[in-house]
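Trainee: Sharing a structure below in structure tokens format, with a few things to ask.
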Amino acid sequence: MLDMKKQSKILYAFTILSIILLIIISCFCGYSYLNVKNIHKIEEENTSLNNKLVELLKVEEQLKTESNSENLNLEKLSLDFSSKYGYDYTQKEENIIKLEIENLKAANVLIKKQLKDEIKKYSKYYSGDYYKNESLDAIISKLVNLNNMNGAEYLNTNLYTELKISNFIRNAKLSGTIKYLSSINNDNSEINLLLFTTALYSKDLNEIGNDLSDIDENLNKIYAQIISTEEIFSNLEKYGVNTGNLSSKNLSLLKNNCGDLIRQYYENKGVIEILTNIGDKNEKSK
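With this note's numbering applied, the sequence shown has no gaps in its numbers, which climb one by one up to 343 at the end.
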């Protein structure tokens, strides 16, 4: 009887254990089923996300291509604008001003070089060792004093004698422009006086034309000498002096060419001053 009770208890315990195991196994199977189902769902979602990502990458690549194309167009437009109007609108105002000032200064340096080249081209019109002679400076100084009536009282009416031009001409005929002109004309005081005038307003031209000096900032002074020298040679021809290869027409070309260059030089200089003032005001306002 005791064995039956014992067996019954064992059977009961076994039954309970079996039920518990069955529940655990059922839960595990259910969980496994759900996991498998979730995995399939996740895989499907991943596939969908991957497809969307591929589409987004395609869109991004297309946008990059369009952006690069737009940037190239913008860069081309910027270059066209800069080429047409002389500055890059994408830069800051102060950078544009500084760049423009530098460009204008460089342009004026080039203009002065072009002026010197033009003057050197016609150096035969103002050549000769007599430009270094101190007597030339003395004669010119006396002539300048003629503008003063008090100074004129002390001058003899015979300027050729009073100014000792004959002595100057004697030495001047040994070289340069006066030597050439005297060789193709008669030797008399009237001709000599006219030949002397070729040296009156061309000393700076002589120095520049023979690389003895550079052009300074006073371009108007240089231009005045060019105009005066052209007029003197034109008057020589009117008075019947043979100028040979030194025609006044060549000096007219020099005058016109230099006039254009000098005009541009001073226009650039004016713009430089304006831009410099603007730049200074911008600095003060910061």
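Yeah, the Cβ is synthetic: ideal placement off N, Cα and C, and Gly gets one too.
Note that this is a predicted model, so its numbers are computed, not measured.
1. How many whole angstroms separate the CB atoms of I197 and Q321, which I take to be in contact at a CB cut-off of 8 Å?
2. Just tell me which of I335, G327, I265 and L251 has its CA closest to the CA of G53.
3. Quick check on this structure: which residue in A256, K326, I222 and E159 has the alpha carbon closest to the alpha carbon of D186?
4. Are E175 and L318 touching if we call contact CB-CB under 9 Å?
5. Quick check: the Cα distance between I158 and E274, rounded to an integer number of angstroms?
6. Which of helix, strand or coil does DSSP assign to Y280?
7. Which value, in whole angstroms, describes the spacing of the CA atoms of N249 and I331?
8. Tell me which same chain residues have a C-beta within less than 8 Å of the C-beta of D60, skipping the five on either side of it?
9. If you drop the 5 nearest sequence neighbours on each side, which residues of the same chain put their C-beta closer than 8 Å to that of I235?
10. Kindly list the residues whose CB is nearer than 6 Å to the CB of G233, restricted to its own chain and excluding five residues on each side of it in sequence; keep chain order.
11. Expressed to the nearest angstrom, what Euclidean distance is found between the alpha-carbon atoms of L193 and T218?
12. In whole angstroms, what separates the C-alpha of N299 from that of L293?
13. What whole-angstrom Cβ distance do N325 and L161 have, given they're in contact under 8 Å?
14. Could you check where the alpha helix (DSSP H) with Y237 kicks off and where it finishes?
15. Using CA atoms only, rank isn't needed, just tell me which of K312, N302 and S291 is closest to I241.
16. K221 to N190, Cα distance in whole Å?
17. Tell me whether S270 sits in a helix, a strand or coil according to DSSP, three-state version.
18. Quick one: what does DSSP say V166 is sitting in, helix, strand or coil?
19. To the nearest angstrom, report how far apart M206 and Y258 are at their CA atoms.
20. DSSP three-state call for T300: helix, strand or coil?
21. In whole angstroms, give me the CA-to-CA distance for V328 and Y179.
22. Taking the alpha helix (DSSP H) that D194 belongs to, which residues open and close that run?
23. Our contact map puts K173 next to I272 with C-beta atoms below 8 Å; I'd like the distance itself, whole angstroms only.
24. In whole angstroms, what separates the C-alpha of I265 from that of E287?
25. Count the other CB atoms within 10 Å of the CB of M58; is the residue buried (16 or more) or exposed (fewer)?
26. In chain order, what residues of the same chain have a beta carbon less than 8 Å from the beta carbon of N224, not counting five sequence neighbours either side?
27. In angstroms with no decimal places, state the Cα-to-Cα distance between T238 and A164.
28. Run the CB neighbour count on L269, radius 10 Å, all protein chains shown included, and call it buried at 16 or more, exposed below.
29. Go through its chain and collect everything with a Cβ distance to Y280's Cβ below 7 Å, but skip five positions before and after it.
30. When DSSP labels each residue in this structure, what does S259 get in the three-state scheme?
Mentor: From the atom records:
1. Locating residue 197 in the sequence shown gives position 140, where the first residue counts as 1. Locating residue 321 in the sequence shown gives position 264, where the first residue counts as 1. At roughly 31 Å, the Cβ-Cβ gap does not stay under 8 Å, so I197 and Q321 are not in contact.
2. The question about residue 53 has no answer, for the chain in this structure spans 58 to 343.
3. Reading the sequence shown from its first residue, position 129 is the one you call residue 186. It is A256.
4. Reading the sequence shown from its first residue, position 118 is the one you call residue 175. Reading the sequence shown from its first residue, position 261 is the one you call residue 318. Yes, the Cβ-Cβ distance between E175 and L318 is below 9 Å.
5. Position 101 of the sequence shown, counting from 1, holds the residue named residue 158. Position 217 of the sequence shown, counting from 1, holds the residue named residue 274. Their backbone Cα atoms lie some 17 Å apart in a straight line.
6. As a working note, residue 280 is residue 223 in the sequence shown. In the structure shown, Y280 sits in a helix (DSSP, three-state: H, G or I).
7. For the purposes of this step, residue 249 is taken as the residue at position 192 of the sequence shown. For the purposes of this step, residue 331 is taken as the residue at position 274 of the sequence shown. Distance between the alpha carbons of N249 and I331 is about 50 Å.
8. Here residue 60 refers to the residue found at position 3 of the sequence shown. Low per-residue confidence applies at D60: pLDDT is 49, beneath 50, and the placement is therefore not dependable, though the value from the model is reported in the following sentence. Closer than 8 Å at the Cβ level, and outside the excluded window around D60, lies no residue.
9. For the purposes of this step, residue 235 is taken as residue 178 along the sequence shown, with counting starting at 1. Around I235: G185, Y187, I226, A229, L252, F253, T255 and A256.
10. As a working note, residue 233 is residue 176 in the sequence shown. The residues are S184 and G185.
11. The residue you call residue 193 lines up with position 136 of the sequence shown. The residue you call residue 218 lines up with position 161 of the sequence shown. Between L193 and T218, the C-alpha separation is close to 14 Å.
12. Taking the first residue of the sequence shown as position 1, residue 299 is located at position 242. Taking the first residue of the sequence shown as position 1, residue 293 is located at position 236. Taking the CA atoms as reference points, N299 sits about 8 Å from L293.
13. Taking the sequence shown and counting its residues from 1, one reaches residue 325 at position 268. Taking the sequence shown and counting its residues from 1, one reaches residue 161 at position 104. So it is a contact: roughly 5 Å between Cβ atoms.
14. The count along the sequence shown starts at 1 and reaches residue 237 at position 180. First-last of the alpha helix (DSSP H) with Y237: G233 to S240.
15. Within the sequence shown, the letter at position 184 stands for residue 241. Closest by alpha carbon: N302.
16. Residue 221 sits at position 164 when you count from the first residue of the sequence shown. Residue 190 sits at position 133 when you count from the first residue of the sequence shown. Distance between the alpha carbons of K221 and N190: 13 Å.
17. Sequence index remark: in the sequence shown, residue 270 carries index 213 (1-based). The answer is coil: DSSP assigns S270 none of H, G, I, E or B.
18. The residue you call residue 166 lines up with position 109 of the sequence shown. Three-state DSSP puts V166 in a helix.
19. In the sequence shown, the residue the question calls residue 206 occupies position 149. In the sequence shown, the residue the question calls residue 258 occupies position 201. In this predicted model, M206 has a pLDDT of only 47, less than 50, meaning its place in the structure is not dependable; the value taken from the coordinates is given anyway. Each residue's Cα considered, the two are about 22 Å apart.
20. If you number the sequence shown from 1, residue 300 lands on position 243. Coil at T300, not helix or strand.
21. The residue labelled residue 328 in the question sits at position 271 within the sequence shown. The residue labelled residue 179 in the question sits at position 122 within the sequence shown. Distance between V328 and Y179, taken at the CA atoms: about 31 Å.
22. Here residue 194 corresponds to residue number 137 of the sequence shown, with the count starting at 1. Note, D194: alpha helix (DSSP H), E191 to V201.
23. One-based indexing of the sequence shown puts residue 173 at position 116. One-based indexing of the sequence shown puts residue 272 at position 215. Taking the Cβ atoms as the reference, K173 lies roughly 6 Å from I272, within the contact range of under 8 Å.
24. Locating residue 265 in the sequence shown gives position 208, where the first residue counts as 1. Locating residue 287 in the sequence shown gives position 230, where the first residue counts as 1. Taking the straight line joining both Cα atoms gives about 17 Å.
25. Sequence index remark: in the sequence shown, residue 58 carries index 1 (1-based). Annotation note: pLDDT 48 at M58 (below 50); position unreliable, no value reported.
26. For the purposes of this step, residue 224 is taken as the residue at position 167 of the sequence shown. The answer, listed in chain order, is S192.
27. As a first step, residue 238 must be located in the sequence shown, where it is residue number 181. As a first step, residue 164 must be located in the sequence shown, where it is residue number 107. What sits at residue 238 in the sequence shown is Leu, not Thr. For L238 and A164, the distance between alpha carbons rounds to 38 Å.
28. Working through the sequence shown from its first residue, we reach residue 269 at position 212. With fewer than 16 other Cβ atoms within 10 Å, it is exposed.
29. For the purposes of this step, residue 280 is identified with residue 223 of the sequence shown, where counting begins at 1. Once the five neighbours on either side are set aside, the close Cβ partners of Y280 are C315, G316 and I319.
30. Here residue 259 refers to the residue found at position 202 when the sequence shown is read from its first residue. Three-state DSSP puts S259 in coil, outside helix and strand.
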